[in-house]
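*Asks:* Position in the sequence shown (from 1) plus 1083 gives the number in our numbering.
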Amino acid sequence: MARPRPASCAEEEPDAAKVRLIRLRPYHPTYVIACFGEGGSKKGYTRVGMNRVVQAIQNNPDVEVEFVECYDDICQYCERRKPSPTGSVWGRHHTCPSAEDPVVVKEVTEANRQVLNLLGMQFGAIISLKELVPLMRERLPDIGKSGIKQIGGAGMQGRYEKGLKAIAAHVTR
Ligand code: SF4
């Protein structure tokens, strides 16, 4: 089961070929799962980071996930993230339009809290993907009906279900 650890917010560059630990913000796993089912992301400002995370999972079904509050492994390659001498709510040296929009910050903060509550986890916890996937299936089967904003909504449900099946098969083979 999940083991607690202080949240790692160091801005390190992960090597996708050898990744043993993926750092994710709690509102991001639904997107990762949906993208995994499609073999990656073809467009959007999170494409590079998302594809690196999907590739890390493809290369290592035993990978672990750490839940972080700050910019994560997807944000790290986001086209919208920029260096900032004053930093932002999610990073000491970077900012992005979402971090500067109080409505988005509030919704993401709430989404993170709700997802962590659903999973029975906290920031800094580390869980293997093998354990996280069945937990997501059990506790967050329908992202639209969950009422949680910022995790993809009803429009992504089909891709999420397809991704759940694909990633569950991948981590249990
Ligand atoms: S817009 Fe900001 S919060 Fe969203 S993925 Fe990019 S860096 Fe992360």
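For every residue, glycine included, the Cβ atom is placed at its ideal position computed from N, Cα and C.
Quick check on PRO1180: buried or exposed, where buried means 16 or more other Cβ atoms within 10 Å of its Cβ?
*Replies:* Exposed, since its Cβ has fewer than 16 Cβ neighbours within 10 Å.
*Asks:* Does the beta-carbon of ASN1142 have 16 or more other beta-carbons within 10 angstroms, so that it is buried, or is it exposed?
*Replies:* Classification for ASN1142: exposed.
*Asks:* Across which residues does DSSP place ARG1106 in a beta bridge pair?
*Replies:* The partner list for ARG1106 (beta bridge, DSSP) reads GLU1149.
*Asks:* For GLY1227, collect the residues of the same chain with a Cβ closer than 7 angstroms to its Cβ; drop the 5 residues on either side in sequence, then sort them by chain order.
*Replies:* Once the five neighbours on either side are set aside, the close Cβ partners of GLY1227 are GLY1236, ALA1237 and GLN1240.
*Asks:* Is the segment 1147-1166 in contact with the segment 1130-1139, if contact means three or more CB pairs nearer than 8 angstroms?
*Replies:* A contact exists between the segment 1147-1166 and the segment 1130-1139.
*Asks:* Enumerate in chain order the residues of its own chain whose CB-to-CB distance from GLY1170 is below 7 angstroms, with the five nearest sequence positions on each side excluded.
*Replies:* Counting only Cβ-Cβ distances below 7 angstroms, and skipping sequence neighbours, we find HIS1176, HIS1177 and THR1178.
*Asks:* Determine the closest residue to HIS1111 out of ALA1249, GLU1214, GLU1221 and LEU1199, with distance taken between C-alpha atoms.
*Replies:* The shortest Cα separation from HIS1111 among ALA1249, GLU1214, GLU1221 and LEU1199 belongs to LEU1199.
*Asks:* When we look at the beta-carbon of ARG1106 and count the other beta-carbons within 10 Å, is it buried (16 or more) or exposed?
*Replies:* The residue in question, ARG1106, is buried, as its Cβ has 16 or more Cβ neighbours within 10 Å.
*Asks:* Could you tell me the distance, in whole angstroms, from the CA atom of ARG1220 to the CA atom of ALA1252?
*Replies:* Between ARG1220 and ALA1252, the C-alpha separation is close to 13 angstroms.
*Asks:* If we count the other Cβ atoms within 10 Å of its Cβ and call it buried at 16 or more, is PRO1089 buried or exposed?
*Replies:* In this predicted model, PRO1089 has a pLDDT of only 45, less than 50, meaning its place in the structure is not dependable enough to derive any value.
*Asks:* I need the straight-line Cα distance from ALA1099 to GLN1138, nearest angstrom please.
*Replies:* Its pLDDT being 49, under 50, ALA1099 is placed unreliably in this model, and the value from its coordinates should be taken loosely. Rounded to whole angstroms, ALA1099 to GLN1138 spans 7 angstroms at the Cα level.
*Asks:* Could you check whether GLU1147 and LEU1202 sit closer than 8 angstroms to each other, using their CB atoms as the reference points?
*Replies:* No. Outside cutoff.
*Asks:* DSSP on PRO1166, reduced to helix/strand/coil?
*Replies:* Strand at PRO1166.
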